[in-house]
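Report on the following structure.
There are 2 protein chains.
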Amino acid sequence: MEKQPLYEGKAKKIYATDNADELLVYYKDDATAFNGIKRGTILNKGVLNNKISAFFFELLGKHGIKHHYIRTISDREMLVKTLKILPVEVVVRNIAAGSLAKRIGWEEGKKLPTTVLEFYYKNDELGDPLINDYHIKALGLATEDQVKTMAETALKINDILGAYLKEKNLELIDFKLEFGLHKGELLLGDEISPDTCRFWDSRTGEKLDKDRFRRDLGNVEEAYKEVLYRLTGEVFAD
Amino acid sequence: MEKQPLYEGKAKKIYATDNADELLVYYKDDATAFNGIKRGTILNKGVLNNKISAFFFELLGKHGIKHHYIRTISDREMLVKTLKILPVEVVVRNIAAGSLAKRIGWEEGKKLPTTVLEFYYKNDELGDPLINDYHIKALGLATEDQVKTMAETALKINDILGAYLKEKNLELIDFKLEFGLHKGELLLGDEISPDTCRFWDSRTGEKLDKDRFRRDLGNVEEAYKEVLYRLTGEVFAD
Ligand SMILES: Nc1ncnc2c1ncn2[C@@H]1O[C@H](COP(=O)(O)OP(=O)(O)O)[C@@H](O)[C@H]1O
Ligand SMILES: Nc1ncnc2c1ncn2[C@@H]1O[C@H](COP(=O)(O)OP(=O)(O)O)[C@@H](O)[C@H]1O
Ligand SMILES: [Mg+2]
Ligand SMILES: [Mg+2]
């Protein structure tokens with residue numbers, strides 16, 4: 392009999408473990424976009440994102456970022472610290488793309504003169520709307536201290552990842568983070584992968600992320616493999 | 392021959408005067424909603440909003456708020472200081488209504504546990520999107536100092552107007568402000584009226600603002616007249 396997940400999201404399943412402080416995250420191949428309107432599968436995405444996320448958490452850990460990742464359990468599973476996820480998505484942007492390009496009327500690919508940080512209300516029913524510090528306070532989504540820590544940590548992560556990726560000829564366009572509380576401490580949670588970041592090849596501008604799925608650009612699995620290869624040197628074989 | 396306005400907006404026309412530091416604002420009866428999709432006329436709105444705005448600017452002036460209003464010229468015209476309007480709309484909210492109620496999924500009329508301040512990009516083509524401090528900086532819409540001053544001033548205005556209106560049995564639900572530069576100084580500009588605020592009768596909850604037009608509630612002109620009467624005691628006769 393297969394174990395029931397505690398929670399099944401759009402990209403991952405979360406399982407309890409014997410230890411209440413630890414959870415098992417299982418990465419699926421399911422892909423969704425536009426708030427669940429577009430649905431599909433990206434072959435091996437779960438395996439690739441499990442590896443890529445593990446790599447990024449370890450990299451960030453080396454730079455002093457506190458995160459939930461403990462260790463990799465299998466191809467599609469990682470053990471993480473149990474978090475009470477704050478319903479706030481933190482987005483950092485270096486280049487205008489996606490919803491920001493639309494919002495401010497800028498062409499996709501235009502460099503932002505200053506790094507842009509955004510908060511979104513993690514609420515599928517509402518379509519994850521953009522919110523600001525006042526909304527977070529009024530809704531009681533996070534304390535002012537937590538908002539400050541999330542903003543500072545997100546900008547620090549931008550510096551760490553941006554510098555690392557540049558060496559691999561990957562441009563970090565933007566990315567989304569989730570944070571949560573573990574025994575009162577705010578930790579980086581969820582995943583960091585081509586599902587939650589935009590990566591463009593520095594030389595060709597080729598998109599190596601979920602936009603290939605969102606916009607039907609083809610070679611979706613190949614893009615995720617290429618990211619893993621650039622990051623770790625691992626040649627992924629199906 | 393009628394003089395050509397420098398600029399004609401959705402609710403007002405702006406005329407030059409002999410003095411480059413002063414402009415004439417002419418209040419029209421035109422009413423628009425939903426970013427110009429709904430159009431109509433509210434009889435005498437121009438006259439009423441000219442009076443109501445003049446009243447509010449004078450009230451705010453007495454409380455130390457720096458604004459563009461100089462004096463009333465005619466039924467529909469006021470003389471103001473020339474501003475370079477910053478393309479940022481500043482919204483203050485006390486009760487969830489309109490787009491905020493939609494954004495955060497709250498019922499209209501629910502009291503916000505904390506005052507909410509929002510910035511919108513004043514850009515009709517983009518539908519005046521919600522933006523945050525980072526967007527303002529990246530777009531170069533205002534300096535950090537100006538953002539701070541606008542926020543502080545808007546919250547102070549909320550206190551002043553809220554207290555005054557409460558005495559008149561009007562609940563200040565939310566309102567929109569525009570600021571601009573006059574000789575390097577940041578002044579409150581535009582208008583303060585039932586077009587740009589939500590006022591609800593404190594006892595009955597009746598809406599006395601542009602929502603009567605937006606939502607086809609009837610008695611639109613009467614609501615504007617009632618606001619003028621409550622504020623100033625003036626019984627407006629057509
Ligand atoms: N360490 C953790 N503890 C508890 N929940 C977590 C942790 N890391 C991520 N989650 C949550 O797991 C859920 C499943 O992930 P995902 O499939 O991406 O969900 P979603 O459909 O909400 O994007 C998400 O709600 C995410 O916030
Ligand atoms: N003191 C001022 N100096 C210059 N422009 C002003 C001043 N006060 C308001 N304005 C601008 O006058 C324009 C006309 O007003 P309105 O009809 O409300 O325009 P809109 O259609 O942009 O809402 C607006 O762009 C507003 O920002
Ligand atoms: Mg997710
Ligand atoms: Mg206007």
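Residue numbers (the working numbering), protein chains in the order written: chain A, 392 to 629; chain X, 392 to 629. Every residue gets a Cβ at the ideal spot worked out from N, C-alpha and C, and that includes glycine. Treat the numbers as computed from the prediction; the structure is a model and nothing was measured.
Under 9 Å between C-beta atoms, does residue i make it to chain X?
i        : result
A:Asn514 : yes
A:Tyr398 : no
A:Glu582 : no
A:Ala632 : It is not possible to answer for residue 632 of chain A, since the shown part of chain A is limited to 392 through 629.
A:Leu521 : yes
A:Gly531 : yes
A:Lys528 : yes
A:Arg589 : no
A:Arg462 : no
A:Glu617 : no
A:Tyr620 : no
A:Leu517 : yes
A:Tyr525 : yes
Could you check whether the Cβ of residue i sits closer than 9 Å to any Cβ belonging to chain A?
i        : result
X:Tyr417 : no
X:His454 : no
X:Met392 : Its pLDDT being 49, under 50, X:Met392 is placed unreliably in this model, and the coordinates cannot settle the point.
X:Tyr555 : no
Does DSSP put residue i in a helix, a strand or coil?
i        : result
A:Lys502 : strand
X:Glu597 : coil
X:Asp408 : It is Thr, not Asp, that sits at residue 408 of chain X in the sequence shown. Residue state, collapsed to three classes: coil.
A:Phe627 : coil
A:Ile428 : coil
X:Thr534 : coil
A:Asp466 : coil
X:Arg484 : strand
X:Ile433 : coil
X:Met392 : With a pLDDT of only 49 at X:Met392, under 50, the local geometry of the prediction cannot be trusted, and no value is derived from it.
X:Ile476 : strand
X:Leu397 : coil
A:Leu439 : helix
A:Glu413 : strand
A:Ser490 : helix
X:Gly452 : helix
Short of 6 Å in beta carbon distance, which residues of its chain neighbour residue i, apart from the five on each side in sequence? Order them along the chain.
i        : result
X:Asn426 : Gly518
X:Met392 : Low per-residue confidence applies at X:Met392: pLDDT is 49, beneath 50, and the placement is therefore not dependable, though the value from the model is reported in the following sentence. For X:Met392, where only same-chain residues beyond five positions count, there are no Cβ hits under 6 Å.
X:Thr463 : Ala445 and Met469
A:Lys547 : none
Residues in the same chain with beta-carbon distance under 8 Å from residue i, minus the five sequence neighbours each way, listed in chain order, please.
i        : result
A:Glu625 : Lys442 and Leu619
X:His458 : Phe448, Leu451, Gly452, Leu578, Leu579 and Gly580
X:Ala396 : Checking the sequence, you will find Pro at residue 396 of chain X rather than Ala. Counting only Cβ-Cβ distances below 8 Å, and skipping sequence neighbours, we find Lys404, Ile405, Tyr406 and Tyr417.
X:Pro478 : Tyr512, Lys513, Asn514 and Leu532
Return the chain-ordered list of same chain residues with a C-beta closer than 7 Å to the C-beta of residue i, the five sequence neighbours on each side being excluded.
i        : result
A:Asp421 : Lys401, Ala402 and Thr432
A:Leu622 : Ile443, Phe446 and Lys559
X:Thr423 : Lys401, Lys429 and Arg430
X:Glu617 : Leu599
Given the structure, does residue i come close to ligand 5, in the sense that its CB is under 8 Å from one of the ligand's heavy atoms?
i        : result
A:Val479 : For ligand 5, the structure offers nothing, since it holds only ligand 1, ligand 2, ligand 3 and ligand 4.
Across which residues does DSSP place residue i in a beta bridge pair?
i        : result
X:Asp592 : X:Leu561
X:Tyr460 : X:Val471
X:Lys403 : X:Tyr418
A:Phe510 : A:Val481 and A:Ile522
A:Glu543 : None; A:Glu543 has no bridge partner.
X:Thr423 : X:Arg430
A:His573 : A:Glu576
X:Phe446 : Answer is none; X:Phe446 lacks a bridge partner.
A:Phe604 : Answer is none; A:Phe604 lacks a bridge partner.
X:Leu568 : X:Val481
> According to a CB-to-CB cut-off of less than 7 Å, which residues of the region 425 to 444 of chain A neighbour chain X?
Replying inline: none
> Of all the residues that make up the region 501 to 513 of chain A, which are near chain X by a beta-carbon distance shorter than 9 Å?
Replying inline: Leu503, Pro504, Thr505, Thr506, Val507, Leu508, Glu509, Phe510 and Tyr512
> Name the residues in the region 557 to 583 of chain X whose C-beta lies less than 9 Å from a C-beta of chain A; which are they?
Replying inline: none
>> Against chain X, which members of the region 470 to 495 of chain A pass a CB distance test of less than 7 Å?
In response: Arg494 and Ile495
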